[in-house]
Every structure is written in C-alpha cells, then in structure tokens.
Amino acid sequence: MTSKSGEPKAAAPKAEPEAEPKAEPKPAAAEAEPKARRTRTKAKPAAVREAEDIRVPVTPAAEWDNPLRDPQDRRLPRIAGPSGLVIFGVTGDLSRKKLMPAVYDLANRGLLPPGFSLVGFARRDWEDQDFAQVVHDAVKEHARTPFREEVWQQLAEGMRFIPGDFDDDAAFDQLREAVEELDASRGTGGNFAYYLSVPPKFFPKVVRQLKKHGLADAPEGSWRRAVIEKPFGHDLESAHELNKVVHEVFEPDQVFRIDHYLGKETVQNIMALRFANQMYEPIWNRSYVDHVQITMAEDIGIGGRAGYYDGIGAARDVIQNHLLQLMALTAMEEPIAFDADALLTEKLKVLKSVRLPDDLGEHTVRGQYAAGWQGGEKVVGYLDEEGIDPKSKTDTYAAIKLEIDNRRWAGVPFYLRTGKRLARRVTEIAVVFTRAPHSPFDSTATEELGQNAIVIRVQPDEGMTVRFGSKVPGTSMEIRDVSMDFAYGESFTESSPEAYERLILDVLLGDANLFPRTQEVEESWKILDPIERYWSEHGTPAQYASGSWGPEEANEMLARDGRSWRRP
Numbered sequence: 001m002t003s004k005s006g007e008p009k010a011a012a013p014k015a016e017p018e019a020e021p022k023a024e025p026k027p028a029a030a031e032a033e034p035k036a037r038r039t040r041t042k043a044k045p046a047a048v049r050e051a052e053d054i055r056v057p058v059t060p061a062a063e064w065d066n067p068l069r070d071p072q073d074r075r076l077p078r079i080a081g082p083s084g085l086v087i088f089g090v091t092g093d094l095s096r097k098k099l100m101p102a103v104y105d106l107a108n109r110g111l112l113p114p115g116f117s118l119v120g121f122a123r124r125d126w127e128d129q130d131f132a133q134v135v136h137d138a139v140k141e142h143a144r145t146p147f148r149e150e151v152w153q154q155l156a157e158g159m160r161f162i163p164g165d166f167d168d169d170a171a172f173d174q175l176r177e178a179v180e181e182l183d184a185s186r187g188t189g190g191n192f193a194y195y196l197s198v199p200p201k202f203f204p205k206v207v208r209q210l211k212k213h214g215l216a217d218a219p220e221g222s223w224r225r226a227v228i229e230k231p232f233g234h235d236l237e238s239a240h241e242l243n244k245v246v247h248e249v250f251e252p253d254q255v256f257r258i259d260h261y262l263g264k265e266t267v268q269n270i271m272a273l274r275f276a277n278q279m280y281e282p283i284w285n286r287s288y289v290d291h292v293q294i295t296m297a298e299d300i301g302i303g304g305r306a307g308y309y310d311g312i313g314a315a316r317d318v319i320q321n322h323l324l325q326l327m328a329l330t331a332m333e334e335p336i337a338f339d340a341d342a343l344l345t346e347k348l349k350v351l352k353s354v355r356l357p358d359d360l361g362e363h364t365v366r367g368q369y370a371a372g373w374q375g376g377e378k379v380v381g382y383l384d385e386e387g388i389d390p391k392s393k394t395d396t397y398a399a400i401k402l403e404i405d406n407r408r409w410a411g412v413p414f415y416l417r418t419g420k421r422l423a424r425r426v427t428e429i430a431v432v433f434t435r436a437p438h439s440p441f442d443s444t445a446t447e448e449l450g451q452n453a454i455v456i457r458v459q460p461d462e463g464m465t466v467r468f469g470s471k472v473p474g475t476s477m478e479i480r481d482v483s484m485d486f487a488y489g490e491s492f493t494e495s496s497p498e499a500y501e502r503l504i505l506d507v508l509l510g511d512a513n514l515f516p517r518t519q520e521v522e523e524s525w526k527i528l529d530p531i532e533r534y535w536s537e538h539g540t541p542a543q544y545a546s547g548s549w550g551p552e553e554a555n556e557m558l559a560r561d562g563r564s565w566r567r568p
C-alpha cells in the first residue's frame with residue numbers, strides 16, 4: 001500500500017487487548033498527507049450521489065423470499081442477505097485473531113452477499129485504507145481458508161473506519177453517515193449488526209449512543225442487531241442491570257450473546273448424537289449413568305489479560321457460561337423442534353433444576369497456579385504475573401459438584417472443572433456409566449476393566465470416543481478397556497468451520513439457536529453466585545504446580561465420592 005506521494009505506507013499499529021485503547025499517531029506515511037485529507041466530512045462520490053437520487057423499488061429484505069429456494073433443500077448452504085457488520089473495539093485481539101478472519105472465511109466460502117460491508121470503530125487516527133491493511137494482515141495470519149485476491153478486493157471495497165471514542169457524538173454521527181453511504185453504494189438494505197467487542201463496562205455507553213444517533217432503529221423492512229461478548233455481568237445483579245440497559249435500546253430478539261463454545265461443531269453434535277440416534281436415549285439417565293465430568297483445561301496462563309482476569313477468575317470466566325451451557329445440552333430433554341424457543345425451554349428446565357451441594361467447602365474447590373514447568377519452560381505463578389496483586393484471591397482453577405433434581409438425573413453428580421496452566425489444552429464431556437450389576441467373571445479377569453464411558457471431545461481433536469471392555473486375545477479370560485473413536489477430520493472431507501464463522505453467519509441470518517438468552521444468563525448466575533460468595537468468605541485458593549492437573553484438593557473432592565478425575 002502506498003501514500004499519495006508514492007512512498008510505501010508504514011504498517012498499521014498492532015492490535016491492543018480488548019480494552020478501549022489510547023490514541024496513537026497515524027502510520028508514518030499518513031502523517032505526511034495534508035491535514036485536509038484527514039477530515040471525515042468528504043464529498044460523496046458521484047456514483048453514490050446518483051445512487052441516492054435514483055433508487056429502484058425493492059421488496060423489503062425482511063419480507064423477501066427466494067422463490068427458487070425450497071426450505072427443505074439442503075444442497076445449498078445458507079447465505080446471508082444484504083447486510084453489514086460494525087465492530088466496536090476493532091483493534092483488540094479478539095477482532096484481529098477471530099472476527100476479521102471469520103468474516104473473510106465466510107466471504108471466501110461464498111456465504112456473504114457481494115455488497116457485504118465491514119465498519120471498524122476504535123480510537124485510532126486511521127483512514128479507511130489503514131483499517132483495510134490491518135484486516136488484510138489479520139486475514140493473512142489467522143484465516144482458516146486460503147487467501148484469494150479477488151475475494152479480498154471485493155470485501156475491501158466495503159470497508160470503512162470511524163475514529164473516535166465511545167463518548168464522541170461526532171464519531172457516532174460519522175458512523176451513521178457511513179451506514180447511510182454503504183446502504184446507497186453497497187446495497188446493504190439497511191441491515192446492520194453491531195458487534196460489541198469491548199469490555200462490559202462500555203456496553204451501556206455504546207448502546208445508548210447507538211440509540212441517541214438513530215443507529216439502533218432499522219428502516220422499514222430492515223433489521224438492526226446487537227452482538228455482545230461475555231462476560232454477561234459479574235453476578236446476577238450486574239447481569240440484571242446490563243440486560244435492562246441493553247433492552248432499553250434493543251428488543252430481546254435483537255440481542256445475540258456470543259458464547260463461542262456453542263458455535264463449535266462438536267457442541268452442536270451433542271444434540272445430533274442424542275436426538276438423531278436411537279441407541280443412546282435408553283441409557284442416557286440415572287439408571288445407567290454413574291456421573292458426568294465436564295472439563296475445560298488450558299495450558300496457558302493469563303498472558304496480557306491481567307487487567308481483565310484479576311477479580312473475575314476461572315469460575316466466572318468459564319463455568320458460568322461455557323460449562324453450564326455444555327451441562328444443559330448434555331442433560332436436557334428432547335426439544336419439540338430445533339429452534340431458539342424450543343431449545344431455550346429445555347435448557348432452562350435443566351438450569352432451574354440444578355441443586356448446589358449442602359456443604360460447599362467439601363464439594364467445591366478453587367486454586368491458583370504456582371510456578372512450575374510448562375511445555376519445557378519454567379513459568380511463574382499467578383501471583384508473580386505482571387499486573388497481579390500479590391495478595392489476589394482470584395481463582396485460576398475451579399471445580400464444582402452439581403446435581404439436577406429431575407426424574408432423569410436425580411442422584412447423578414455433574415462435576416465441572418476448568419483451569420489455566422494445566423497439563424494440556426482440552427475440552428471434553430465424559431458420560432461415565434455404572435458398572436454391570438453382576439459379573440460372571442472372576443475378579444482377576446476384570447481387574448483392569450474400568451467403567452464404560454462416552455467421551456465427547458470438544459477440542460482440540462473434535463470427535464467422540466466410546467470406551468468399553470473387551471477380551472484380550474489369548475487362552476485365558478482377561479478383559480480390558482478398549483475404545484472406538486470417531487474423529488471429524490477423518491469422517492468428513494470438509495473441515496469444520498471456526499465457531500465465530502458459524503455464529504457471525506447466524507447473526508446475519510437472525511438465527512438465535514446457538515445464542516444464550518437473557519433467562520439462561522440469569523439462571524447461570526443464580527447457580528454460581530452462592531459459590532462465589534462462599535469462596536469470598538472462606539480461606540484462599542489452593543496452590544497447584546503449573547503443568548499439573550490442578551490442586552490435590554480437587555482429587556480429594558472426588559475421592560470422597562468414591563470417584564476420580566479422568567486424565568484426558
């Protein structure tokens with residue numbers, strides 16, 4: 001990319017973490033340009049003025065149906081209609097590593113309309129082409145699909161950048177002008193989604209600015225939607241307040257709360273596994289299931305997220321949303337249909353039926369990683385991380401026991417655990433079955449036989465394993481555990497899309513199946529709040545060595561129930 005003078009333009013500044021960044025100077029080449037060029041009140045191109053004057057009557061997007069498309073026809077993929085996406089906090093890591101590459105991958109797969117538009121909003125003194133260069137670099141580094149110049153050029157034509165902070169009325173006026181200009185020049189049909197990739201403290205400010213400047217109100221026959229990243233508050237009270245503020249501007253069906261785990265193929269496959277197959281349903285209950293373990297382990301520390309993570313912790317960051325959602329999908333009854341309302345009904349039944357242990361000290365554990373070895377390197381403990389208070393009680397590991405009081409699951413414990421700096425990166429759901437009530441074999445024949453299990457691997461090796469006993473070849477009767485394995489990468493020729501690809505496409509299509517609703521968020525906080533209050537009043541987190549599977553207290557928690565954690 002070059003400046004008007006023909007000199008090479010310096011690379012755009014690197015993205016910061018997802019907090020509102022400080023103002024930074026423009027790229028070096030841009031500084032040499034006349035000040036008049038930086039003003040955002042540019043004359044509209046002739047083509048745009050003509051498009052505004054001459055409009056062809058069209059059927060409103062919300063009412064139009066493709067007459068050549070049968071809803072039952074699965075041969076063609078779902079493709080978004082005319083639309084655009086505005087990303088607030090576009091300079092953050094989430095945007096650079098996930099959102100921008102996901103938009104490109106959707107375009108590369110032909111799932112976005114030709115006139116799709118992408119608008120970035122951040123406190124950077126950039127021009128449109130500076131923003132396009134940042135997106136280009138992010139796509140080159142992080143996109144899942146191969147880079148194709150013709151796809152990139154078509155996408156880049158619809159990119160705009162708005163400099164400003166969230167208090168800047170002029171910036172939001174400029175955003176409204178950009179949206180109107182894109183409607184005219186790119187044919188977005190007035191359909192825009194606003195992605196709030198910013199810390200939760202900025203949510204109220206951004207949505208109120210959208211309302212104030214008329215950006216939340218869609219033209220007739222069009223739509224406007226808000227996309228909100230977790231965490232959805234830090235307790236029930238703050239979640240109530242956040243929902244109240246957001247719903248003052250957007251109707252509940254216009255709000256899409258992102259839990260990227262629900263966009264993963266394997267998580268969606270839980271429903272296919274359970275409800276499209278006959279063989280699992282008869283054993284998916286208290287008569288055959290001994291217990292369920294849901295694990296999300298990370299092998300990294302907090303990185304540069306000290307400002308966000310300290311005071312939040314593992315339980316609020318992961319259990320409240322990801323793991324409780326996985327538990328609800330694992331435990332829920334069959335919905336009457338695969339749509340947002342039917343799924344919400346069944347998931348809410350599970351969350352409302354959750355019962356906490358009577359003794360939270362015996363059946364919950366929190367921990368902090370200490371110094372140790374990880375990936376062949378010596379790493380520091382949590383309290384020695386840069387930006388962390390040495391007296392911090394924030395948990396980097398959390399394990400809890402829950403039960404579900406209904407006919408299907410009464411008496412079956414669900415063990416949820418998550419942590420940082422654990423032995424390996426893995427997320428899985430293990431449904432562990434009871435032992436056979438009677439065995440005709442003597443004890444020596446089955447001494448190496450464990451419990452049958454169905455293990456759903458969410459990441460990184462997406463698939464499923466069924467563990468059962470089999471005779472060892474030979475003259476004696478010896479039975480050991482063996483496994484049958486299903487892997488997405490081996491069973492299907494098409495690679496699984498990234499979670500954000502699926503979720504962004506669903507937002508543009510208005511499909512809310514994979515998004516937690518207001519009631520789910522609040523029920524989840526009702527489960528976690530009493531545990532967090534107990535922890536705040538009792539002791540400090542247990543220490544565990546980096547690279548291990550967590551504190552010894554977590555092993556003792558299961559040992560008291562006569563069980564042990566799986567080693568994924």
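In terms of our numbering, the sequence shown opens at residue 1 and continues consecutively. Quick reminder that beta carbons are idealized off the backbone N, C-alpha and C, glycines included.
| Query | Result |
| --- | --- |
| Beta-carbon proximity list for S197, same chain, < 8 Å, skipping 5 on both sides | E18, I87, F88, G89, V90, G92, L94, S95, L99, E229 |
| Sequence-distant residues of the same chain with beta carbon closer than 7 Å to E523, five excluded per side | L348, L351, K352 |
| T396 in three-state terms, based on DSSP | coil |
| Bridge partner(s) assigned by DSSP for E385 | BP columns for E385 are empty, so no partner. |
| Pairwise C-alpha distance: A193 and E180 | 14 Å |
| Cβ-heavy atom distance, N406 to the ligand COA, below 7 Å | What this structure holds is no ligand at all, so the ligand COA is not there to describe. |
| Residues bridged to F88 (per DSSP) | F121, L196 |
| For E24, the three-state DSSP class (helix, strand or coil) | Confidence in E24 is poor, its pLDDT being 46 and thus under 50, which makes the residue's placement unreliable; the coordinate value appears in the next sentence. E24: coil per DSSP, three-state reduction. |
| Close beta carbons around V292, own chain, < 6 Å, minus the five adjacent residues each side | F414, V431 |
| Residue environment, N243, which counts as buried when at least 16 other CB atoms sit within 10 Å | buried |
| Cβ neighbour criterion (16 or more within 10 Å) applied to Y288 | exposed |
| Pair within 8 Å by beta-carbon distance, S546 and Y308 | no |
| Length at least 4, wholly inside the stretch 430-498: the alpha helix (DSSP H) runs in chain order | 488-491 |
| Classification of A80 by the beta-carbon crowding that lies within 10 angstroms, buried from 16 upward | buried |
| Buried or exposed by the 16-neighbour rule on C-beta atoms within 10 Å, applied to K378 | exposed |
| G469 beta carbon less than 8 Å from that of I454 | no |
| Length at least 3, wholly inside the stretch 282-339: the beta strand (DSSP E) runs in chain order | 289-297 |
| Buried versus exposed call for W373 [16 or more other C-beta atoms within 10 Å across all chains shown] | exposed |
| Span separating the alpha-carbon of F147 from that of L112 | 16 Å |
| Cβ-Cβ distance between G376 and Y544 below 8 Å | no |
| DSSP three-state assignment for Q154, whether helix, strand or coil | helix |
| Test item: CB-CB of L528 and A239 under 8 Å | no |
| 8 Å Cβ cutoff, E229 in contact with chain D | Of the protein chains in the structure, only one exists, and it is not chain D. |
| Residues near R55 by beta carbon distance below 8 Å, same chain, minus five either side | In this predicted model, R55 has a pLDDT of only 46, less than 50, meaning its place in the structure is not dependable; the value taken from the coordinates is given anyway. Cβ neighbours of R55 beyond the five flanking positions: none. |
| First through last residue of the alpha helix (DSSP H) which encompasses K98 | Taken as a continuous stretch (DSSP letters only), K98 belongs to no alpha helix (DSSP H), as it is neither H nor E. |
| For F161 and E127, the rounded distance between their alpha carbons | 6 Å |
| Where E220 falls, given that 16 or more other Cβ within 10 Å makes a residue buried | exposed |
| For V135: DSSP bridge partner residues | DSSP output for V135 lists no bridge partner at all. |
| Stretch-stretch touch, CB-based, cutoff 8 Å, three pairs: the stretch 379-390 with the stretch 252-260 | no |
| With 16 other Cβ atoms within 10 Å as the buried cut-off, status of P516 | buried |
| Buried versus exposed call for T295 [16 or more other C-beta atoms within 10 Å across all chains shown] | buried |
| Nearest-angstrom Cα separation, counted from Q174 out to R40 | The pLDDT assigned to R40 is 46, lower than 50, so where the model puts this residue is not dependable; a value taken from the coordinates is nonetheless given after this. Using only the alpha carbons, I get a separation of about 7 Å. |
| Residue burial classification, V482 (beta-carbon count within 10 angstroms, cutoff 16) | exposed |
| Residues of its chain near L323, where Cβ-Cβ distance is below 7 Å and the 5 sequence neighbours each way are ignored | I294, M296, L416, T418 |
| A423 versus F172: straight-line alpha-carbon distance, rounded | 46 Å |
| Pair within 8 Å by beta-carbon distance, V458 and L402 | no |
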